[in-house]
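Heads up: the sequence shown begins at 0 in numbering that gives the first Met the number 0, then just goes up one per residue.
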Amino acid sequence: MPLMPGAEPYHHRAGPIGVLLCHGFTGTPQSLRPWAEYLASHGLTVSLPRQPGHGTTWQEMNRTRWEDWYAEVEKAFADLQGRCAEVFTAGLSLGGCLALRLAEMHGEGVRGVVVVNPSITNDVWLMKLAPLLKWFVPSIPGVGNDVKKAGVTELAYSRTPVKAAASLPELWSLVQADLSKVRQPLLVYHSTDDHVVKPASVALIRERVPQATIEELADSYHVATLDNDADRIFAGSLDFIRTHASVPLQRD
0 MPLMPGAEPY HHRAGPIGVL LCHGFTGTPQ SLRPWAEYLA SHGLTVSLPR QPGHGTTWQE
60 MNRTRWEDWY AEVEKAFADL QGRCAEVFTA GLSLGGCLAL RLAEMHGEGV RGVVVVNPSI
120 TNDVWLMKLA PLLKWFVPSI PGVGNDVKKA GVTELAYSRT PVKAAASLPE LWSLVQADLS
180 KVRQPLLVYH STDDHVVKPA SVALIRERVP QATIEELADS YHVATLDNDA DRIFAGSLDF
240 IRTHASVPLQ RD
(Lines of atoms letter the chains of each structure in order from A and count residues from 1; the text may use other names and numbers.)
(Lines give C-alpha, C1' and ligand atoms only; values in the text may rest on other atoms or scores of the structure.)
Protein backbone atom coordinates (compact mmCIF):
# COMPACT_ATOMS: atom_id res chain seq x y z
CA MET A 1 0.00 0.00 0.00
CA PRO A 2 1.58 3.35 -1.04
CA LEU A 3 2.40 5.76 1.75
CA MET A 4 1.20 9.34 1.91
CA PRO A 5 4.15 11.63 1.13
CA GLY A 6 5.58 12.68 4.49
CA ALA A 7 4.25 9.69 6.42
CA GLU A 8 7.57 7.85 6.39
CA PRO A 9 9.13 6.65 9.66
CA TYR A 10 12.23 8.39 10.93
CA HIS A 11 15.31 6.84 12.53
CA HIS A 12 18.57 8.47 13.59
CA ARG A 13 21.56 6.75 15.18
CA ALA A 14 23.73 8.84 17.44
CA GLY A 15 24.64 8.66 21.13
CA PRO A 16 23.96 6.15 23.90
CA ILE A 17 20.60 7.69 24.91
CA GLY A 18 17.65 6.55 22.84
CA VAL A 19 14.19 8.07 22.49
CA LEU A 20 11.18 6.26 21.05
CA LEU A 21 8.50 8.63 19.72
CA CYS A 22 4.95 7.31 19.15
CA HIS A 23 2.50 9.16 16.90
CA GLY A 24 -1.23 9.41 17.42
CA PHE A 25 -4.38 7.61 16.27
CA THR A 26 -5.04 8.10 12.51
CA GLY A 27 -1.95 10.33 12.37
CA THR A 28 1.53 9.68 11.01
CA PRO A 29 5.19 10.24 11.96
CA GLN A 30 4.85 13.67 10.31
CA SER A 31 3.20 15.05 13.46
CA LEU A 32 6.34 14.25 15.47
CA ARG A 33 9.02 14.63 12.81
CA PRO A 34 10.17 18.12 13.92
CA TRP A 35 10.44 16.86 17.52
CA ALA A 36 12.40 13.82 16.38
CA GLU A 37 14.79 15.91 14.31
CA TYR A 38 15.32 18.34 17.18
CA LEU A 39 16.27 15.56 19.58
CA ALA A 40 18.49 13.96 16.96
CA SER A 41 20.30 17.26 16.42
CA HIS A 42 21.25 17.20 20.11
CA GLY A 43 22.96 13.83 19.98
CA LEU A 44 20.12 11.47 20.80
CA THR A 45 19.39 8.22 19.02
CA VAL A 46 15.79 8.57 17.85
CA SER A 47 13.20 6.09 16.58
CA LEU A 48 9.87 7.29 15.17
CA PRO A 49 8.08 4.28 13.64
CA ARG A 50 4.95 4.34 11.51
CA GLN A 51 2.25 2.28 13.13
CA PRO A 52 0.39 -0.30 10.98
CA GLY A 53 -2.57 1.06 9.05
CA HIS A 54 -1.43 4.66 9.37
CA GLY A 55 -0.25 6.87 6.54
CA THR A 56 -2.00 4.88 3.80
CA THR A 57 -5.83 4.76 3.82
CA TRP A 58 -8.37 4.65 6.61
CA GLN A 59 -9.78 1.52 4.97
CA GLU A 60 -6.48 -0.26 5.53
CA MET A 61 -6.37 1.00 9.10
CA ASN A 62 -9.77 -0.62 9.69
CA ARG A 63 -7.97 -3.94 9.35
CA THR A 64 -5.68 -3.15 12.28
CA ARG A 65 -6.19 -3.04 16.04
CA TRP A 66 -4.39 -1.61 19.07
CA GLU A 67 -2.34 -4.81 19.41
CA ASP A 68 -0.83 -4.12 15.97
CA TRP A 69 0.15 -0.56 16.88
CA TYR A 70 1.60 -1.59 20.22
CA ALA A 71 3.55 -4.45 18.61
CA GLU A 72 5.21 -1.95 16.28
CA VAL A 73 6.37 0.36 19.08
CA GLU A 74 7.42 -2.65 21.15
CA LYS A 75 9.61 -3.78 18.24
CA ALA A 76 11.14 -0.30 17.95
CA PHE A 77 11.74 -0.23 21.70
CA ALA A 78 13.56 -3.57 21.60
CA ASP A 79 15.74 -2.28 18.78
CA LEU A 80 16.68 0.83 20.78
CA GLN A 81 17.43 -1.28 23.85
CA GLY A 82 19.86 -3.30 21.78
CA ARG A 83 21.75 -0.19 20.67
CA CYS A 84 21.46 2.26 23.57
CA ALA A 85 22.48 2.39 27.22
CA GLU A 86 19.14 3.95 28.19
CA VAL A 87 15.79 4.50 26.48
CA PHE A 88 13.10 7.12 27.02
CA THR A 89 9.60 6.81 25.56
CA ALA A 90 7.44 9.68 24.34
CA GLY A 91 4.28 10.22 22.37
CA LEU A 92 1.35 12.35 21.28
CA SER A 93 -2.28 11.47 22.06
CA LEU A 94 -2.70 7.72 21.53
CA GLY A 95 1.07 7.65 21.12
CA GLY A 96 1.29 8.94 24.68
CA CYS A 97 -0.88 6.02 25.76
CA LEU A 98 1.49 3.61 23.98
CA ALA A 99 4.52 5.30 25.59
CA LEU A 100 2.95 4.85 29.02
CA ARG A 101 2.14 1.21 28.24
CA LEU A 102 5.78 0.57 27.42
CA ALA A 103 6.74 2.11 30.77
CA GLU A 104 4.21 -0.11 32.56
CA MET A 105 5.44 -3.25 30.84
CA HIS A 106 9.20 -2.62 30.96
CA GLY A 107 9.70 -0.92 34.32
CA GLU A 108 13.30 0.18 34.77
CA GLY A 109 13.95 -0.58 31.10
CA VAL A 110 12.26 2.76 30.40
CA ARG A 111 14.31 5.60 31.89
CA GLY A 112 11.59 8.25 31.63
CA VAL A 113 8.43 9.23 29.73
CA VAL A 114 7.25 12.40 27.98
CA VAL A 115 3.66 12.62 26.74
CA VAL A 116 1.76 15.34 24.93
CA ASN A 117 -2.04 15.43 25.31
CA PRO A 118 -2.15 11.71 26.12
CA SER A 119 -5.34 9.75 25.50
CA ILE A 120 -5.89 7.07 28.14
CA THR A 121 -9.65 7.12 28.71
CA ASN A 122 -12.82 7.03 26.63
CA ASP A 123 -14.08 10.59 27.03
CA VAL A 124 -15.74 11.29 23.66
CA TRP A 125 -19.33 10.18 23.25
CA LEU A 126 -18.92 9.17 19.61
CA MET A 127 -15.95 6.96 20.46
CA LYS A 128 -17.98 5.32 23.20
CA LEU A 129 -20.37 4.17 20.49
CA ALA A 130 -17.61 2.69 18.31
CA PRO A 131 -18.03 -0.93 19.51
CA LEU A 132 -21.65 -0.75 18.35
CA LEU A 133 -21.16 1.48 15.32
CA LYS A 134 -18.55 -0.85 13.81
CA TRP A 135 -21.36 -3.21 12.80
CA PHE A 136 -23.18 -0.50 10.85
CA VAL A 137 -20.77 2.15 9.54
CA PRO A 138 -17.13 1.83 8.40
CA SER A 139 -16.02 5.35 9.37
CA ILE A 140 -16.99 8.55 11.16
CA PRO A 141 -15.59 12.10 10.86
CA GLY A 142 -11.87 12.37 11.54
CA VAL A 143 -10.14 13.73 14.64
CA GLY A 144 -6.89 14.86 13.01
CA ASN A 145 -5.45 18.28 12.29
CA ASP A 146 -6.48 20.04 15.50
CA VAL A 147 -3.82 22.76 15.18
CA LYS A 148 -4.13 26.41 16.19
CA LYS A 149 -1.09 27.73 14.31
CA ALA A 150 -2.00 29.22 10.95
CA GLY A 151 -0.67 27.48 7.85
CA VAL A 152 0.15 24.19 9.60
CA THR A 153 -1.53 20.93 8.58
CA GLU A 154 -1.24 17.57 10.28
CA LEU A 155 -0.96 14.60 7.93
CA ALA A 156 -3.87 12.49 9.17
CA TYR A 157 -6.97 10.75 7.89
CA SER A 158 -10.10 12.81 7.30
CA ARG A 159 -12.15 9.82 8.44
CA THR A 160 -11.90 7.72 11.61
CA PRO A 161 -12.00 3.95 10.91
CA VAL A 162 -14.61 2.62 13.32
CA LYS A 163 -13.42 -0.99 13.63
CA ALA A 164 -9.95 0.24 14.52
CA ALA A 165 -11.38 2.75 17.00
CA ALA A 166 -13.52 0.06 18.60
CA SER A 167 -10.34 -1.65 19.82
CA LEU A 168 -9.21 1.38 21.84
CA PRO A 169 -11.27 0.82 25.02
CA GLU A 170 -9.36 -2.38 25.74
CA LEU A 171 -6.03 -0.56 25.52
CA TRP A 172 -7.28 2.33 27.64
CA SER A 173 -8.50 -0.09 30.30
CA LEU A 174 -5.16 -1.87 30.45
CA VAL A 175 -3.20 1.36 30.73
CA GLN A 176 -5.50 2.76 33.42
CA ALA A 177 -5.33 -0.45 35.46
CA ASP A 178 -1.52 -0.39 35.47
CA LEU A 179 -0.85 3.34 35.92
CA SER A 180 0.56 2.67 39.39
CA LYS A 181 3.38 0.76 37.67
CA VAL A 182 4.60 3.99 36.09
CA ARG A 183 7.32 4.86 38.60
CA GLN A 184 9.65 6.48 36.11
CA PRO A 185 9.98 10.26 35.83
CA LEU A 186 7.02 11.49 33.78
CA LEU A 187 6.59 14.81 31.99
CA VAL A 188 3.11 15.64 30.68
CA TYR A 189 2.29 18.50 28.32
CA HIS A 190 -1.40 19.40 28.34
CA SER A 191 -3.13 21.85 25.99
CA THR A 192 -5.78 23.77 27.89
CA ASP A 193 -7.76 24.10 24.64
CA ASP A 194 -7.85 20.61 23.12
CA HIS A 195 -10.72 19.66 20.79
CA VAL A 196 -9.82 15.96 20.61
CA VAL A 197 -8.82 14.67 24.06
CA LYS A 198 -10.71 15.89 27.11
CA PRO A 199 -9.02 16.74 30.46
CA ALA A 200 -10.04 13.39 32.00
CA SER A 201 -6.87 11.65 30.77
CA VAL A 202 -4.52 14.13 32.41
CA ALA A 203 -6.69 14.13 35.53
CA LEU A 204 -6.19 10.35 35.83
CA ILE A 205 -2.44 10.74 35.47
CA ARG A 206 -2.38 13.52 38.06
CA GLU A 207 -4.31 11.30 40.48
CA ARG A 208 -2.44 8.02 39.98
CA VAL A 209 1.13 9.03 39.05
CA PRO A 210 2.23 11.35 41.84
CA GLN A 211 5.69 12.03 40.44
CA ALA A 212 4.28 13.35 37.15
CA THR A 213 5.17 16.93 36.19
CA ILE A 214 2.31 18.51 34.24
CA GLU A 215 2.98 21.54 32.06
CA GLU A 216 0.02 23.49 30.67
CA LEU A 217 0.13 24.71 27.07
CA ALA A 218 -1.97 27.85 26.58
CA ASP A 219 -1.34 28.50 22.90
CA SER A 220 -1.82 25.13 21.18
CA TYR A 221 -4.61 22.73 20.33
CA HIS A 222 -4.34 18.94 20.36
CA VAL A 223 -1.43 18.47 17.94
CA ALA A 224 0.83 20.64 20.06
CA THR A 225 3.99 19.18 18.54
CA LEU A 226 3.17 21.11 15.34
CA ASP A 227 1.63 24.11 17.07
CA ASN A 228 2.66 27.34 18.76
CA ASP A 229 4.11 25.60 21.82
CA ALA A 230 6.20 23.09 19.86
CA ASP A 231 9.55 24.74 20.65
CA ARG A 232 8.71 24.65 24.34
CA ILE A 233 7.92 20.93 24.14
CA PHE A 234 11.12 20.18 22.25
CA ALA A 235 13.40 22.12 24.59
CA GLY A 236 11.60 20.92 27.71
CA SER A 237 11.79 17.27 26.71
CA LEU A 238 15.51 17.62 25.98
CA ASP A 239 16.08 19.15 29.42
CA PHE A 240 14.01 16.34 30.97
CA ILE A 241 16.15 13.71 29.25
CA ARG A 242 19.38 15.47 30.26
CA THR A 243 18.18 15.58 33.86
CA HIS A 244 17.14 11.95 34.13
CA ALA A 245 19.70 10.17 31.95
CA SER A 246 22.57 8.61 33.90
CA VAL A 247 25.03 9.06 31.04
CA PRO A 248 25.74 12.35 29.27
CA LEU A 249 24.30 13.20 25.89
CA GLN A 250 26.79 12.82 23.07
CA ARG A 251 26.79 16.49 22.06
CA ASP A 252 24.78 19.69 21.80
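From the three backbone atoms N, C-alpha and C, an ideal C-beta is built for every residue, glycine too.
The structure displayed is predicted, hence computed values, not measured ones.
Nearest by alpha-carbon distance to residue i: which of the options is it?
| i | options | result |
| --- | --- | --- |
| Ala229 | Val18, Asn116, Pro1 and Val109 | Asn116 |
| Ser236 | Thr25, Thr88 and Gly81 | Thr88 |
| Gln29 | Ser245, Leu91, Trp171 and Asp193 | Leu91 |
| Trp57 | Thr27, Val86 and Gly95 | Thr27 |
| Ala165 | Arg231, His53, Thr63 and Tyr9 | Thr63 |
| His53 | His105, Ala75, Ala6 and Leu203 | Ala6 |
| Ile16 | Gly81, Asn61 and Tyr9 | Gly81 |
| Pro4 | Pro247, Glu153 and Gly143 | Glu153 |
| Ala176 | Phe239, Leu203 and Ala75 | Leu203 |
| Ala163 | Gly141, Lys148 and Lys147 | Gly141 |
Who are the Cβ neighbours of residue i in its own chain at under 6 angstroms, not counting the five residues just before and after it?
| i | result |
| --- | --- |
| Lys252 | Since the displayed the chain opens at 0 and closes at 251, residue 252 lies outside it and no answer follows. |
| Leu20 | Leu31, Ala35, Leu47 and Ala89 |
| Val45 | His11, Val18, Ala35, Leu38 and Ala39 |
For residue i versus residue j, is the C-beta distance shorter than 8 angstroms?
| i | j | result |
| --- | --- | --- |
| Thr224 | Thr25 | no |
| Arg205 | Leu178 | no |
| Asn61 | Pro137 | yes |
If contacts are defined as beta-carbon pairs under 8 angstroms, then residue i and residue j qualify, I think. What distance do you get, rounded to the angstrom?
| i | j | result |
| --- | --- | --- |
| Leu43 | Ala13 | 6 angstroms |
| His221 | Arg110 | Actually they do not touch by this definition, with Cβ atoms about 27 angstroms apart. |
| Val195 | Asp145 | 5 angstroms |
| Leu97 | Tyr69 | 6 angstroms |
| Glu73 | Gln50 | Rounded, the Cβ-Cβ distance is 11 angstroms, inconsistent with contact. |
| Leu185 | Ala211 | 4 angstroms |
With a CB to CB cut of under 7 angstroms and the five nearest residues on each side skipped, what residues in its chain are close to residue i?
| i | result |
| --- | --- |
| Gln183 | Ala102, Val109, Arg110, Gly111 and Val112 |
| Glu169 | Trp65 |
| Ala217 | Thr191 |
Give the DSSP bridge partners of residue i, in chain order.
| i | result |
| --- | --- |
| Ser166 | According to DSSP, Ser166 bridges with nothing at all. |
| Tyr9 | Leu47 |
| Tyr188 | Val115 and Glu214 |
| Ala89 | Leu20 and Val113 |
Counting only the same chain and skipping the five closest in sequence on each side, list residues whose C-beta sits under 8 angstroms from that of residue i.
| i | result |
| --- | --- |
| Trp253 | Past the boundaries of the shown model lies residue 253; the chain is included only from 0 to 251, so the question cannot be answered. |
| Asp251 | At Asp251, the pLDDT of 47 sits below 50, so the modelled position is not reliable and the matter cannot be decided from this model. |
| Pro1 | Thr55 |
I want to see whether chain C comes within less than 8 angstroms of residue i, judged by CB atoms only; does it?
| i | result |
| --- | --- |
| Ala75 | Although the question refers to chain C, the structure presented lacks it and comprises just one protein chain. |
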